[in-house]
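Take the sequence shown: its position 145, counting from 1, is numbered 145 in full-length UniProt numbering, and each next residue is one higher. C-beta: ideal position from N, C-alpha, C; glycine also. Working notes, beginning with the structure itself.
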Amino acid sequence: MENGTGLWGSTKWGEGRLIGVIDFNIDPDHVSFAGVGMKTPPQWRGTCDFRCTSPATCSCTSKLLGATIFNMQPKEDTAHGTMVASIAAGDFVAGAEDYQFSNYAKGIAAGASPKSYLSFYSGKVGSNFLKAIEQAIRDRVDILCISLSLSTPAYYENFLSIGTLSAVEQGIFVAMAAGNYGPRPASVRNDAPWLLTVGASTHDRASEVALYTNDTATGVRRVYYGLTHFTPRSMYTNTLQLVYPGEGGGSSFNDKTCNSTLGGKNVQGAIVLCWRNPRVTPFLQAETVRNAGGRAIVLMNSQMEGEEKLDNVPYLHISSVVIKRSNAHDILQRYNFEKRGAVTATLWPSKSVFNIRPFPVVAGFSSRGPSAETKGFLKPDILGPGVNILGARSTTAGSTVEFEASQGTSFATPHLAAIAALLKSSHPDWSPAAMRSAIMTTADIEDSCGNRITNHTGKTASFYDTGAGQVNPERANDPGLVYNITDTKDYVRVLCSMYTQAQVNKFAKVGRIVNCSTLGKLEPEQLNYPSIAMTLSRSGKKTIQRTVTNVGRAASEYKCSVEGVPMTQVQVSVKPDQLTFTSQIKEASFMVEAELVPGSTLPSGMVVEGFLTWTFVQGGEHVVRSPLALIVP
Numbered sequence: 001m002e003n004g005t006g007l008w009g010s011t012k013w014g015e016g017r018l019i020g021v022i023d024f025n026i027d028p029d030h031v032s033f034a035g036v037g038m039k040t041p042p043q044w045r046g047t048c049d050f051r052c053t054s055p056a057t058c059s060c061t062s063k064l065l066g067a068t069i070f071n072m073q074p075k076e077d078t079a080h081g082t083m084v085a086s087i088a089a090g091d092f093v094a095g096a097e098d099y100q101f102s103n104y105a106k107g108i109a110a111g112a113s114p115k116s117y118l119s120f121y122s123g124k125v126g127s128n129f130l131k132a133i134e135q136a137i138r139d140r141v142d143i144l145c146i147s148l149s150l151s152t153p154a155y156y157e158n159f160l161s162i163g164t165l166s167a168v169e170q171g172i173f174v175a176m177a178a179g180n181y182g183p184r185p186a187s188v189r190n191d192a193p194w195l196l197t198v199g200a201s202t203h204d205r206a207s208e209v210a211l212y213t214n215d216t217a218t219g220v221r222r223v224y225y226g227l228t229h230f231t232p233r234s235m236y237t238n239t240l241q242l243v244y245p246g247e248g249g250g251s252s253f254n255d256k257t258c259n260s261t262l263g264g265k266n267v268q269g270a271i272v273l274c275w276r277n278p279r280v281t282p283f284l285q286a287e288t289v290r291n292a293g294g295r296a297i298v299l300m301n302s303q304m305e306g307e308e309k310l311d312n313v314p315y316l317h318i319s320s321v322v323i324k325r326s327n328a329h330d331i332l333q334r335y336n337f338e339k340r341g342a343v344t345a346t347l348w349p350s351k352s353v354f355n356i357r358p359f360p361v362v363a364g365f366s367s368r369g370p371s372a373e374t375k376g377f378l379k380p381d382i383l384g385p386g387v388n389i390l391g392a393r394s395t396t397a398g399s400t401v402e403f404e405a406s407q408g409t410s411f412a413t414p415h416l417a418a419i420a421a422l423l424k425s426s427h428p429d430w431s432p433a434a435m436r437s438a439i440m441t442t443a444d445i446e447d448s449c450g451n452r453i454t455n456h457t458g459k460t461a462s463f464y465d466t467g468a469g470q471v472n473p474e475r476a477n478d479p480g481l482v483y484n485i486t487d488t489k490d491y492v493r494v495l496c497s498m499y500t501q502a503q504v505n506k507f508a509k510v511g512r513i514v515n516c517s518t519l520g521k522l523e524p525e526q527l528n529y530p531s532i533a534m535t536l537s538r539s540g541k542k543t544i545q546r547t548v549t550n551v552g553r554a555a556s557e558y559k560c561s562v563e564g565v566p567m568t569q570v571q572v573s574v575k576p577d578q579l580t581f582t583s584q585i586k587e588a589s590f591m592v593e594a595e596l597v598p599g600s601t602l603p604s605g606m607v608v609e610g611f612l613t614w615t616f617v618q619g620g621e622h623v624v625r626s627p628l629a630l631i632v633p
């Protein structure tokens, strides 16, 4: 999307749409929410209540129309929500830049749907999140953006799952963060089938620092390039001692990761090497180094991050650089060979680096599938930009700094919420399911090098990493066919197939009365979902049904193909494999049959991946692609 062209231009930057953000709190006075030139829409009936003793110090604007605060103090814990809201629909702000250094991400900052309105709902505990969703429904938001999660996997015990089902039933599209618990399998959160579950990926730019190491004994100098989030100019060109607290066989995990201890090493004025670890926050590592007098920290990718070129650490109040695992091993090998104190290092100026290849890459922290509740649908659904994302920085603590870069599925999610707002502007009659389908079936499955998208280790990512792939907003606006769910009771039928009647009754908290015996049950894999997950049978064929709705040319034909599945092990057929639409025929159903070939050697638990694709026959302008995951019993 480019300023004034493409999807932005055709939708007038999402003009008129209302995005509801549910988070902890927000800084309403930030310049990103000024709404200069915007007029309050006549249909707005919400309220603005920040619970401030002086409303003039925290009032709403013509951009940030409303706010409802549950169990929070005014302007308490505003950082996360401020950034999320600004990424979704922040104003155009000229002269924005990441405050840690002046030559990265400099220019105009804007949300992905910059002319959309915002309404904010905050709270700290699960029951308040449910109240927030109910208020957003009353306020008639178009889109809900929720970059929060609860640890409860069962949908009937999860307030976010319970509340968002009601929102979807009211025609509200809901985008939610997959969580930052990757790359551990089955770590995905917010995985209910009525949601768009968003994972995080990299983009093609970052800020780079050259780390020069100097062997004082040999005079050999080497350079390693890493990414930085804060390296002030005063740090550049200084040659400092390089220290590794984890040296020696008796060093502890805490020493190696600079987790509160530094192995008794003197790091005063030094550049300190520290292994990254998911159990230790970069902030704690940096504070340990800074409190001991260290000048800079080199964070070395662990096995989890591998060769991933990620600047995925927060502002650390100390000079920092993140290096790849292979470079870390090389530096440590030289460090140990030179018997410690013989190695010094120098940091040279950071710069913005463009066209980093390959991109996108699945971020190591992005939560992975499968769903802990059911393997009947793939989660996450989609990837969005979630690394080195520039957004609004809360100024409630008195800071004059207005923008910073950060990372997480929290910041990928508002991109997708904003894209949904743009699609709603372009197609106001589309249901939440239709918008989700358009986003998923048009996603990119290849990176900038023309290969399948990879994960943080450089290996081809699985569907449990990527979902349908990387979002492509322009193509999502014209998908050709969509997998729609017009009867939202199908979601409840899925719940009836997964849970007992007593468990389903817990959804009655929002006024729903369900009798599963009367309503019927629908197996998760039979839900009309844009991705397909089937558990095969050892005793015959497995069959599912899908229905597509034509939203493209009235008179059109589509041909089906199945790719990537090893047909010597698994046979897959689609009947019919050609669909014809007219002005009168707008929907068509098809069956997918899959069975293991007799004598198949595929091990139990293996997931066979492929794609089921419908291609527009009259020219190929539409390619409607669904991930196909076949689970071996």
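Residue i: first and last residue of the uninterrupted beta strand (DSSP E) it sits in
{"i": "P299", "result": "Strictly speaking, residue 299 in this sequence is Leu, with Pro absent from that position. First-last of the beta strand (DSSP E) with L299: 296–300."}
{"i": "D490", "result": "That residue, D490, is in no beta strand (DSSP E); its alpha helix (DSSP H) goes 489–498."}
{"i": "V272", "result": "271–275"}
{"i": "R221", "result": "221–227"}
{"i": "W614", "result": "607–616"}
{"i": "T535", "result": "532–535"}
{"i": "Q170", "result": "Looking at the DSSP string, Q170 is not in any beta strand (DSSP E), and its letter there is neither H nor E."}
{"i": "F403", "result": "403–406"}
{"i": "E593", "result": "587–596"}
{"i": "S207", "result": "206–215"}
{"i": "V574", "result": "570–575"}
N-terminal and C-terminal residue of the alpha helix (DSSP H) that residue i is part of
{"i": "T518", "result": "516–519"}
{"i": "D255", "result": "253–256"}
{"i": "A89", "result": "79–89"}
{"i": "L262", "result": "First-last for L262: undefined, no H or E at that position."}
{"i": "P282", "result": "282–291"}
{"i": "N327", "result": "325–337"}
{"i": "Y464", "result": "463–466"}
{"i": "I69", "result": "From DSSP, I69 is part of no alpha helix (DSSP H) but of the beta strand (DSSP E) over 64–69."}
{"i": "S425", "result": "409–426"}
{"i": "S437", "result": "432–441"}
{"i": "K131", "result": "126–138"}
Residues of its chain near residue i, where Cβ-Cβ distance is below 7 Å and the 5 sequence neighbours each way are ignored
{"i": "K586", "result": "T549, N550"}
{"i": "L423", "result": "W430, M435, A438, A476, N477"}
Exposure label - residue i; buried when at least 16 CB within 10 Å
{"i": "G219", "result": "exposed"}
{"i": "E404", "result": "buried"}
{"i": "E402", "result": "buried"}
{"i": "A79", "result": "buried"}
{"i": "G9", "result": "exposed"}
{"i": "M567", "result": "exposed"}
{"i": "F590", "result": "buried"}
{"i": "A94", "result": "exposed"}
{"i": "N451", "result": "exposed"}
{"i": "V624", "result": "buried"}
{"i": "L381", "result": "Correcting the residue type first, residue 381 is Asp in the shown sequence and not Leu. Label assigned to D381: buried."}
{"i": "R368", "result": "buried"}
{"i": "C496", "result": "buried"}
{"i": "S102", "result": "Here the model assigns S102 a pLDDT of 46, short of 50, so the residue's position is not dependable and the matter cannot be decided."}
Helix, strand or coil at residue i [DSSP, three-state]
{"i": "L240", "result": "strand"}
{"i": "P380", "result": "coil"}
{"i": "Y99", "result": "Note that Y99 has pLDDT 49, beneath the 50 cutoff, so the model's placement of it is unreliable and the number below is only indicative. In the structure shown, Y99 sits in coil (DSSP, three-state: anything other than H, G, I, E or B)."}
{"i": "R625", "result": "strand"}
{"i": "G20", "result": "strand"}
{"i": "P153", "result": "coil"}
{"i": "W44", "result": "coil"}
{"i": "W348", "result": "strand"}
{"i": "Q268", "result": "coil"}
{"i": "N505", "result": "helix"}
Nearest-angstrom Cβ-Cβ length linking residue i and residue j, presumed shorter than 8 Å
{"i": "R538", "j": "L596", "result": "7 Å"}
{"i": "E307", "j": "T82", "result": "At roughly 33 Å, the Cβ-Cβ gap does not stay under 8 Å, so E307 and T82 are not in contact."}
{"i": "V321", "j": "G386", "result": "The pair is not a contact, with the Cβ atoms about 21 Å apart (cut-off 8 Å)."}
{"i": "N484", "j": "A443", "result": "In fact, because the Cβ distance is near 18 Å, the residues do not count as touching under 8 Å."}
is_contact[residue i, chain B] using C-beta, thresh 8 Å
{"i": "K124", "result": "In summary, chain B is missing from the structure at hand, where a single protein chain is found."}
6 Å Cβ shell around residue i - same chain, five flanking residues per side excluded
{"i": "Y117", "result": "L18, L65"}
{"i": "E373", "result": "P153"}
{"i": "A328", "result": "M300"}
{"i": "P524", "result": "T374, G376, F377, V494"}
{"i": "A292", "result": "L262, V267"}
Residues near residue i in its chain [Cβ-Cβ closer than 8 Å; skip 5 each side]
{"i": "S151", "result": "R189"}
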